[in-house]
Every structure is written in structure tokens, then in C-alpha cells.
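Here the structure is laid out as C-alpha cells; the discussion comes afterwards.
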Amino acid sequence: MKRALFFFFTALGFFVLLSVIILPEYRIRTLILLAVYLVVYYFVFKMLVLEHVRSLSELFFRKRTMAVISSLIVFILCAALGIAISESRVLKKARYQAASNDLASISGEQKDYLKEHVADVFDVVYIRPTQGQDNTALFNSIMQEISLYAKGVRYLVLHPVAQADRYSQIRKDLPSLVHGEVAVIGAERSVVVDKVSGYDIINGLYRARSGLNSVCVIQGHGEASVDDFSEEGAGIVAQMLRDRGISLVRADLEYLSSCPAALILEPKKDLSANEIKALDSYNGGLVMVGGFKLPSVKRFLGSRGLSVALEPVSSISQGALRDYFGGLVVDMFYQHPATSYVKSPAVVSSAYEIICPNCTALASASSKNVMVVKDNLSFFSGSSLYSNFFMRFKGNSQLLFGVLNNACCGSGPVAPPDSNGLDSPKLFAISPRYLNIIFAVSVILLPLLFLALGIYCFRSNRG
Amino acid sequence: MLKTREIREFFHSPIFYVVMAVFLALSGYKFFSLLLSFIESMSYYPEYIYGDNIGSMMNLHAAYYIFPQLFMFYSYLCVMAVSVLDLNLGRDRMLGLDKVELLSGNKSVLGLVLRKSLSTSVVVCSMMVPTLLYPAIISVFTELDWGMILSAYLGLFILVGLSSGIVSVAGVFKIPFAVGIFLNMVILLSLNFYFFEHMFSPFFFGTIRLDVLILSTLLFFFAVSLAKRLYISVRIYV
Numbered sequence: 001m002k003r004a005l006f007f008f009f010t011a012l013g014f015f016v017l018l019s020v021i022i023l024p025e026y027r028i029r030t031l032i033l034l035a036v037y038l039v040v041y042y043f044v045f046k047m048l049v050l051e052h053v054r055s056l057s058e059l060f061f062r063k064r065t066m067a068v069i070s071s072l073i074v075f076i077l078c079a080a081l082g083i084a085i086s087e088s089r090v091l092k093k094a095r096y097q098a099a100s101n102d103l104a105s106i107s108g109e110q111k112d113y114l115k116e117h118v119a120d121v122f123d124v125v126y127i128r129p130t131q132g133q134d135n136t137a138l139f140n141s142i143m144q145e146i147s148l149y150a151k152g153v154r155y156l157v158l159h160p161v162a163q164a165d166r167y168s169q170i171r172k173d174l175p176s177l178v179h180g181e182v183a184v185i186g187a188e189r190s191v192v193v194d195k196v197s198g199y200d201i202i203n204g205l206y207r208a209r210s211g212l213n214s215v216c217v218i219q220g221h222g223e224a225s226v227d228d229f230s231e232e233g234a235g236i237v238a239q240m241l242r243d244r245g246i247s248l249v250r251a252d253l254e255y256l257s258s259c260p261a262a263l264i265l266e267p268k269k270d271l272s273a274n275e276i277k278a279l280d281s282y283n284g285g286l287v288m289v290g291g292f293k294l295p296s297v298k299r300f301l302g303s304r305g306l307s308v309a310l311e312p313v314s315s316i317s318q319g320a321l322r323d324y325f326g327g328l329v330v331d332m333f334y335q336h337p338a339t340s341y342v343k344s345p346a347v348v349s350s351a352y353e354i355i356c357p358n359c360t361a362l363a364s365a366s367s368k369n370v371m372v373v374k375d376n377l378s379f380f381s382g383s384s385l386y387s388n389f390f391m392r393f394k395g396n397s398q399l400l401f402g403v404l405n406n407a408c409c410g411s412g413p414v415a416p417p418d419s420n421g422l423d424s425p426k427l428f429a430i431s432p433r434y435l436n437i438i439f440a441v442s443v444i445l446l447p448l449l450f451l452a453l454g455i456y457c458f459r460s461n462r463g
Numbered sequence: 464m465l466k467t468r469e470i471r472e473f474f475h476s477p478i479f480y481v482v483m484a485v486f487l488a489l490s491g492y493k494f495f496s497l498l499l500s501f502i503e504s505m506s507y508y509p510e511y512i513y514g515d516n517i518g519s520m521m522n523l524h525a526a527y528y529i530f531p532q533l534f535m536f537y538s539y540l541c542v543m544a545v546s547v548l549d550l551n552l553g554r555d556r557m558l559g560l561d562k563v564e565l566l567s568g569n570k571s572v573l574g575l576v577l578r579k580s581l582s583t584s585v586v587v588c589s590m591m592v593p594t595l596l597y598p599a600i601i602s603v604f605t606e607l608d609w610g611m612i613l614s615a616y617l618g619l620f621i622l623v624g625l626s627s628g629i630v631s632v633a634g635v636f637k638i639p640f641a642v643g644i645f646l647n648m649v650i651l652l653s654l655n656f657y658f659f660e661h662m663f664s665p666f667f668f669g670t671i672r673l674d675v676l677i678l679s680t681l682l683f684f685f686a687v688s689l690a691k692r693l694y695i696s697v698r699i700y701v
């Protein structure tokens with residue numbers, strides 16, 4: 001009887017440990033495994049540990065009462081351990097999902113941002129999906145942490161079917177909201193967050209607080225894509241502007257009139273007569289980069305009084321920047337709301353001089369105007385100003401942000417690029433010489449030192 | 464409870480230094496390769512994004528990029544080091560040196576098991592001290608979140624303590640040396656991969672979790688008391 005009890009509880013205890021580690025979610029499979037496990041355990045028990053257990057049982061069960069108490073304690077311990085482990089697995093799952101987004105919890109900068117800037121009341125609502133992956137646990141975990149620092153932030157999980165009234169009310173403001181997404185609802189405006197992660201929700205709070213402005217990116221003529229993260233693409237600038245409150249929305253020239261501002265990035269194919277007509281009649285802010293060699297664009301620019309030189313601007317004494325990146329430095333910026341955020345030179349692959357007596361010059365390279373403003377049109381005659389490769393230069397992003405901000409929002413800036421500290425460059429640069437020293441110290445010298453100590457120890461032990 | 468004799472024995476063994484040299488060589492190489500990888504991946508992002516707060520939010524910071532991965536790697540090395548050091552240096556004491564003292568009844572078994580586990584933990588944790596060089600190197604070039612680093616070390620120390628408690632059970636039995644190390648490694652690594660890795664990884668990202676602290680302590684004492692019981696039964700049986 002004692003042996004049977006001991007066998008049963010130890011087998012159960014081991015099984016609980018095994019099942020919470022390996023098979024926590026499949027009950028039927030777990031029961032089958034329990035049966036198989038008990039059979040195998042019985043044979044192993046009989047073959048290997050019976051004699052040990054005899055002596056152990058003598059220690060454990062000296063008296064009948066002690067046997068009962070010990071069994072109960074073992075059972076309670078196993079159950080408590082199982083519950084504790086399974087509880088921690090739930091937390092772990094949420095944390096692990098957050099960690100898959102590179103961070104288990106929100107970073108110090110995010111906490112500072114929430115503490116200092118998010119004082120208004122926001123409702124953050126997760127629309128629970130009726131099918132597919134449910135991120136409720138992850139959402140609650142993230143929001144618990146966010147609401148610790150942003151006192152005005154409230155959060156809830158909304159079931160779109162059970163709470164249909166509230167859902168339809170939210171969708172009035174946010175028609176693009178779908179199941180599985182998060183709505184950040186503020187007093188003035190609301191935004192949709194399409195991914196449940198700390199970064200995206202905080203970004204949503206930022207956008208809801210500062211204001212989201214749309215700029216249409218015209219597509220369909222071989223323009224650079226905002227989804228392209230290769231060197232030539234415009235993925236990073238789209239990401240950067242989104243972080244700053246300007247959303248780049250893909251659009252067709254057909255629907256240009258509905259855009260508050262539009263951006264055309266180096267078209268490769270000629271525009272049709274209708275499209276040129278749409279551009280002519282467009283009243284919003286239009287920012288154009290390159291493409292002036294296309295006949296239709298040339299005509300359009302000509303109608304605005306702009307002409308572009310055929311020869312590219314040659315660089316004069318640009319030293320290391322040109323040698324290293326092969327770029328042209330745009331180093332002169334004129335006083336204008338569009339250039340008010342520019343604090344560093346921009347670098348582009350090439351640019352052409354713009355001749356326009358009635359335009360306001362914005363930027364020049366080698367004393368030749370390469371960017372001008374005429375009425376609602378801002379035009380840059382070079383290429384690669386927006387490209388992922390050249391966006392590494394602060395001046396490029398500052399210039400592009402300023403021009404777009406001017407085009408979409410006029411004098412009311414959304415968020416200046418360097419408002420959080422212009423003087424805090426954190427470019428992490430280690431020269432090859434230092435890298436060699438780090439390699440020598442951390443990979444060779446330090447282990448060798450301890451190996452030498454081991455040899456010394458061995459020799460002195462023998463001595 | 465923890466006496467200097469146990470720890471001294473570890474530090475007088477050449478095997479400890481060999482294990483430490485291997486540990487440092489591997490972790491140093493991992494650190495260097497992560498550093499190179501960080502520099503490479505950083506070069507794809509513009510200075511503007513990287514240099515601003517948003518950059519840190521996107522985890523383009525040396526501390527968030529290098530150290531969580533590095534500490535995850537340490538955790539594998541540590542459980543392997545515990546497997547080797549615990550059985551290598553502790554078993555003789557369990558079944559040899561203190562046997563006479565124990566049979567004479569002068570020493571408590573629980574004390575002996577605890578001392579063995581704690582001394583293994585202290586020694587493995589002392590192996591971590593030279594790795595402070597890596598955050599120190601990074602802090603020369605950029606600002607470092609030392610809170611995150613300390614929390615990662617705390618998580619690692621608890622993991623080491625828990626692992627040494629678990630292997631103290633296996634250390635009781637008279638099994639061939641290599642088999643013992645192999646068994647310890649299999650047990651600890653499988654526990655680590657299936658369970659501990661996810662349990663302790665938040666520490667490596669700067670989060671201190673109370674539930675893990677409590678659970679680890681409970682598991683440690685559970686393992687140690689099991690080892691004590693087994694030790695008594697083996698001693699009587701032998």
C-alpha cells in the first residue's frame with residue numbers, strides 16, 4: 001500500500017512537471033500521455049529504483065500517520081508547483097510575445113515620453129478578434145505597464161459582437177478599424193494602431209496627441225516605393241515621417257484632389273495629359289523630386305516658369321563626404337518655413353541647376369539652386385534625396401520633413417525633427433583599430449589569462 | 464553555512480580555470496560578433512533616426528541590441544558550467560571527505576547539500592565577474608542602461624542558483640563521472656530550453672519578476688531537500 005501510494009504520487013508529480021513543460025495546451029493528448037507515462041514509469045520503477053525506494057520508504061513512512069501526512073504534503077506540493085508553473089507560463093507567453101518585438105517591456109525613453117508628454121485622457125481599445133490570434137493577454141500586459149506611466153490612459157478589450165453598440169460608435173470615427181487592431185481615442189482625434197506592441201501603441205498615442213496629417217505619395221509611374229527598404233527605396237522616410245506625425249498614403253493622380261498635400265518621387269514613366277491637367281488644377285501643396293527629363297513633367301514645370309539645366313552640378317571641395325559616399329553636398333539653405341528645421345547639410349547622388357527668376361530658392365549646392373518653391377509647388381531637381389541610403393544624413397530628413405510639413409500644414413509644425421535634442425548625437429562609431437583592440441582583449445587576452453592561471457594552478461598542485 | 468573551504472577548493476582546481484577560460488573565450492567571441500552585427504545593422508539606418516529618441520524606441524541602441532542576446536548566451540554557458548563544476552568538484556566532498564563526519568553525526572546533511580549548491584553558485588557567479596568588461600567597453604562609446612545590465616546579472620545569478628540546486632540531486636549518486644556530467648547537462652539544458660529560457664529572459668531585458676524569484680527559491684529548496692533525502696537513503700543503503 002505504501003509503495004503504491006509512493007509510486008502514484010511520485011509518478012503524478014513527475015508527470016505534472018513534464019506536462020507543464022512540454023504539453024500544457026492539449027488535454028486529450030495529455031491524458032493519453034499520462035496513461036503511457038504511468039505504464040512506462042511502473043516498469044522503470046520496478047526495474048531500477050525499487051530497492052532504493054524501499055530504504056527511502058522506511059525513512060519517509062515510519063508511522064501510519066506520518067505516511068498519510070507525507071503523502072498529503074507531497075500531493076499539495078506537486079499541485080502548488082504545477083499551478084505556480086502554469087501561472088508563470090501565462091505571464092511568460094505574454095512577455096515572450098512582447099519580447100518577439102525585441103523588448104520585453106517598454107524602454108526608458110518610452111517611459112520618459114509617457115510620463116512627460118501623455119497627460120491627456122486617452123482610451124486605448126483593443127478590438128478582440130472573433131477568429132484568428134487573440135492578443136488580449138499581450139495587450140493587457142503592455143497596457144498595464146503603459147498606464148503606470150501615463151496616468152490619463154485607460155484601456156479596455158472590446159468584443160465587437162457582444163459590445164456591438166460601442167464598437168459601431170468607435171467605428172464612426174475610425175471607419176478603417178478592423179478586428180485585432182487597437183483604437184487610440186483622444187479628445188481631439190483618434191487613430192488606429194494595426195499591431196499590438198509597446199512601440200506601436202505608444203506611437204499611436206503620439207500620433208493621437210500631436211495630430212496625424214496625410215500626404216499622398218503618387219504611385220504608378222515607376223516612382224520610389226514607400227514599402228521598399230533597399231538603398232534606392234523610400235521605406236525609411238515613410239517610417240520616419242509616420243513617427244513624426246505625417247502619414248504617407250499611396251494614391252493615384254486620379255484622386256489627387258482629395259489629398260491635402262502630394263509627393264511625387266522621381267517618376268520614370270511619362271504622365272498622361274489628364275494627369276498633367278490634374279496636377280495643374282491641384283490646389284494643395286505639391287512636392288516633386290526629380291523626373292524633370294520626362295517630356296510631360298518638363299512641360300508642366302515650364303508652365304510654372306521653371307527650367308532645369310542639362311548638366312549636373314559639379315561638386316566643389318566636398319572632401320570626405322564625396323570620397324566616401326560619392327554624393328553631392330547640398331550645403332546652402334535659404335530662410336523659409338520649409339527650411340527652418342534644417343540644421344545639417346543634405347547629401348544627394350546628383351542635382352541640376354534650376355533656373356527660375358520668380359521662384360523662392362530653398363537650397364543650393366555649389367552655389368547653384370537645386371530646390372525652389374513656386375506657389376504651391378516645391379521642386380527638387382536632384383535624385384536620391386529621400387532614398388534609404390542617403391536618409392542617413394540628418395540634413396536630408398530635416399529638409400524633406402520641412403518641405404512636406406510646409407506643404408501639408410503651412411506654418412503650424414506638427415513636430416520639429418530635433419525638438420528632443422539636436423545636440424545629442426548618439427552615432428555609435430568604433431574605428432577598425434579599436435575593434436581590433438576589443439577583439440584582442442575580449443576574445444584572446446582575457447581567456448588566455450585564465451588558462452595561464454589554470455596551468456599555474458595545475459603545476460603548483462603537482463609540486 | 465557557506466564556508467570558505469568549499470570555495471577555496473574550487474579556486475585551487477585547474478579545471479575551474481580551464482572552464483573559465485573556455486567560458487570567457489566563447490562569451491568574448493559572442494560579444495564581439497554581436498558588436499559587429501550591431502555596427503552593420505546600424506549602418507542601414509539613418510543617423511537621424513538612430514540619434515534620436517525614436518531610435519532608442521526602435522531598439523537601435525547598443526544596450527538593447529547586444530546585451531539581451533549576450534545574456535541569453537551566458538545562460539546556456541552557465542548551466543553547462545554548473546553541470547561540469549558541480550559534479551566535478553562537489554561530488555567528492557559529498558561521497559568522500561565528509562562521509563566520516565556525517566556518519567559520526569557531527570554535521571547536518573542539509574547543511575552539506577546546501578553548502579555544496581551555494582559554493583557551486585558562488586563560483587559560477589564569480590566566473591561572470593570578468594564579463595563586466597563588455598558593458599564597460601560599450602559604455603566607453605555610448606550611454607548604457609546599467610539598470611538593465613544589473614537586472615540581467617540578477618536573473619543570471621538566480622538561474623545559476625536554481626541550476627546548482629537541481630544538479631545537487633544528481634550529484635548524490637555514485638555514477639561514472641562523464642555520465643554524471645552528461646546527465647546534468649541534459650537535465651539542465653532541456654529545462655533551460657523548455658522552461659527557464661522564457662522564465663528568465665525578461666530579466667535580460669531589464670524586468671525583475673517577483674513570481675520568478677519566488678518560484679526559483681521554492682524550486683531550489685525543493686531540489687535541495689530532495690537531495691538531502693536521497694543522500695540519507697543512499698548513505699544508509701550503501
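Listed in order, the protein sequences are those of chains A and B. Using the working numbering, the first residue of the first sequence is number 1, and each one after it goes up by one. Using the working numbering, the first residue of the second sequence is number 464, and each one after it goes up by one. Ideal Cβ positions, reconstructed from N, Cα and C, are used throughout, including at glycine.
Whole-number beta carbon distance between residue j and residue i, since they are thought to touch under 8 Å
i: residue 231 (chain A); j: residue 224 (chain A); result: Wrong, their Cβ atoms sit about 11 Å apart, outside the cutoff.
i: residue 394 (chain A); j: residue 304 (chain A); result: Not confirmed; about 30 Å, so no contact.
i: residue 237 (chain A); j: residue 371 (chain A); result: Actually they are not in contact, since the Cβ atoms of residue 237 (chain A) and residue 371 (chain A) sit about 16 Å apart, beyond 8 Å.
i: residue 259 (chain A); j: residue 290 (chain A); result: No, residue 259 (chain A) and residue 290 (chain A) are not in contact; Cβ-Cβ is about 20 Å, not under 8 Å.
i: residue 545 (chain B); j: residue 626 (chain B); result: 4 Å
i: residue 114 (chain A); j: residue 202 (chain A); result: 7 Å
i: residue 296 (chain A); j: residue 331 (chain A); result: Contact doesn't hold; Cβ gap of about 32 Å is too wide.
Listed by chain order, chain B residues near residue i by CB distance under 7 Å
i: residue 447 (chain A); result: 484, 487, 488 and 491
i: residue 450 (chain A); result: 480, 483, 484 and 487
i: residue 443 (chain A); result: 488, 491, 492 and 495
i: residue 458 (chain A); result: 477
i: residue 454 (chain A); result: 477, 480, 481 and 484
Proximity below 7 Å, CB of residue i to CB of residue j
i: residue 527 (chain A); j: residue 265 (chain A); result: No answer is possible for residue 527 (chain A): it lies beyond the span of chain A, which begins at 1 and ends at 463.
i: residue 590 (chain B); j: residue 486 (chain B); result: yes
i: residue 208 (chain A); j: residue 184 (chain A); result: yes
i: residue 548 (chain B); j: residue 594 (chain B); result: no
i: residue 691 (chain B); j: residue 573 (chain B); result: yes
i: residue 138 (chain A); j: residue 196 (chain A); result: yes
i: residue 597 (chain B); j: residue 494 (chain B); result: yes
i: residue 263 (chain A); j: residue 226 (chain A); result: no
i: residue 406 (chain A); j: residue 338 (chain A); result: yes
i: residue 180 (chain A); j: residue 129 (chain A); result: yes
i: residue 354 (chain A); j: residue 376 (chain A); result: no
i: residue 694 (chain B); j: residue 635 (chain B); result: yes
i: residue 217 (chain A); j: residue 408 (chain A); result: no
i: residue 365 (chain A); j: residue 334 (chain A); result: no
Under 7 Å from the C-beta of residue i: neighbouring residues of chain A
i: residue 534 (chain B); result: None at all; the shortest Cβ gap to chain A is about 12 Å.
i: residue 593 (chain B); result: 446
Closer than 8 Å at the beta carbon, the chain B residues around residue i
i: residue 438 (chain A); result: 495, 498 and 600
i: residue 399 (chain A); result: Here the premise fails: no neighbours, minimum Cβ distance about 11 Å.
i: residue 404 (chain A); result: What residue 404 (chain A) touches in chain B: nothing, since even the nearest Cβ is about 14 Å away.
i: residue 233 (chain A); result: Under the 8 Å cutoff, chain B gives no residues; its nearest Cβ is about 12 Å from residue 233 (chain A).
Chain-ordered neighbours of residue i on chain B, where CB pairs are closer than 9 Å
i: residue 461 (chain A); result: 475, 476 and 477
i: residue 216 (chain A); result: Simply none; closest approach about 23 Å.
i: residue 327 (chain A); result: Neighbours of residue 327 (chain A) on chain B: none; closest Cβ ~14 Å, over 9 Å.
Amino acids of chain A, ordered along the chain, whose beta-carbon sits closer than 8 Å to that of residue i
i: residue 596 (chain B); result: 441, 442 and 446
Proximity test, residue i beta-carbon vs the ligand NAP heavy atom, cut-off 6 Å
i: residue 620 (chain B); result: Ligands are entirely absent from the displayed structure, and the ligand NAP is therefore not among its contents.
Members of the stretch 477-493 of chain B near chain A, C-beta cut-off 7 Å: 477, 480, 481, 483, 484, 487, 488, 491 and 492
Proximal residues, the stretch 135-151 of chain A versus chain B, C-beta separation under 7 Å: none
Cβ contact (3+ pairs, closer than 8 Å) linking the stretch 248-261 of chain A and the stretch 343-360 of chain A: no
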